[in-house]
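Undergrad: Below is one structure. I have some questions about it.
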Amino acid sequence: MTHPRENDRDDLDREVCLCFHVTLRKLKQHLRVAKPQFASQLSECFGAGTGCGWCRPFLRKLHEAGSAPPASPILPDAASYQSARGEYLARTAQNRVDADSGSGRQPSADDADAGSAQ
Ligand code: FES
Numbered sequence: 000m001t002h003p004r005e006n007d008r009d010d011l012d013r014e015v016c017l018c019f020h021v022t023l024r025k026l027k028q029h030l031r032v033a034k035p036q037f038a039s040q041l042s043e044c045f046g047a048g049t050g051c052g053w054c055r056p057f058l059r060k061l062h063e064a065g066s067a068p069p070a071s072p073i074l075p076d077a078a079s080y081q082s083a084r085g086e087y088l089a090r091t092a093q094n095r096v097d098a099d100s101g102s103g104r105q106p107s108a109d110d111a112d113a114g115s116a117q
């Protein structure tokens, strides 16, 4: 059994932005120091959210929570988070193919939110 503080540390070392390897620790530090007014300003933290876009709903939740502990976990377990991102990337790639052929729709935040519910 691990000590609760070890679990906290593990959570802080989890990557929220998988494209740019931005951890929860870095993002919380950025929130504390820079006090960004908008969630999009979390991109100033090592480019979080500026790659595939998968992590943006989680960045918004993190920004909403601010320095207060969130009522519920912001991130699903690591394996679900990573596999849902893979599905998101496959969907967005398919949408791009469909859009190029004129039959697609624009990706939305709901795409990522659907993945976070897993
Ligand atoms: S996971 Fe953050 S932009 Fe891709």
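Okay, so the sequence shown: first residue is 0 according to numbering that gives the first Met the number 0, each after it adds one.
All C-beta atoms, glycine included, are put in the ideal place defined by N, C-alpha and C.
1. Between which two residues does the beta strand (DSSP E) containing E63 stretch?
2. In whole angstroms, what separates the C-alpha of F19 from that of S100?
3. E86 lies in the alpha helix (DSSP H); which residues open and close that run?
4. How should G65 be labelled, buried or exposed, when 16 other C-beta atoms within 10 angstroms of its C-beta is the threshold for buried?
5. Would V21 and C44 qualify as a contact pair, given that the criterion is a beta-carbon distance under 8 Å?
6. Can you tell me which of W53, R31, P75 and A70 puts its alpha carbon nearest to the alpha carbon of A89?
7. Is it right to say R95 is buried, meaning 16 or more other beta carbons lie within 10 angstroms of its own, or is it exposed?
8. Taking A70 as the reference, which of A78, L61 and A77 has the closest Cα?
TA: This is what the structure holds:
1. On the sequence shown, position 64 is the one that residue 63 refers to. Taken as a continuous stretch (DSSP letters only), E63 belongs to no beta strand (DSSP E), being part of the alpha helix (DSSP H) at R55 to A64.
2. The residue labelled residue 19 in the question sits at position 20 within the sequence shown. The residue labelled residue 100 in the question sits at position 101 within the sequence shown. Looking at the two C-alpha atoms, the distance is approximately 30 Å.
3. Here residue 86 is taken as the residue at index 87 of the sequence shown, counted from 1. Counted as a single uninterrupted DSSP element, the alpha helix (DSSP H) harbouring E86 occupies residues A77 to S100.
4. Stepping through the sequence shown from its first residue, residue 65 is reached at position 66. Here G65 is exposed. Its C-beta has fewer than 16 other C-beta atoms within 10 Å.
5. What you label residue 21 is simply residue 22 of the sequence shown in a count that begins at 1. What you label residue 44 is simply residue 45 of the sequence shown in a count that begins at 1. It is a contact, given that the beta carbons lie within the stated cut-off.
6. Within the sequence shown, residue 89 is the residue found at index 90, counting from 1. The residue with the shortest Cα to Cα distance from A89 is W53.
7. Residue mapping note: residue 95 aligns to position 96 of the sequence shown, counting from 1. Flag for R95 reads exposed.
8. Numbered from 1 along the sequence shown, position 71 holds the residue referred to as residue 70. Considering only A78, L61 and A77, the residue with the shortest C-alpha distance to A70 is L61.
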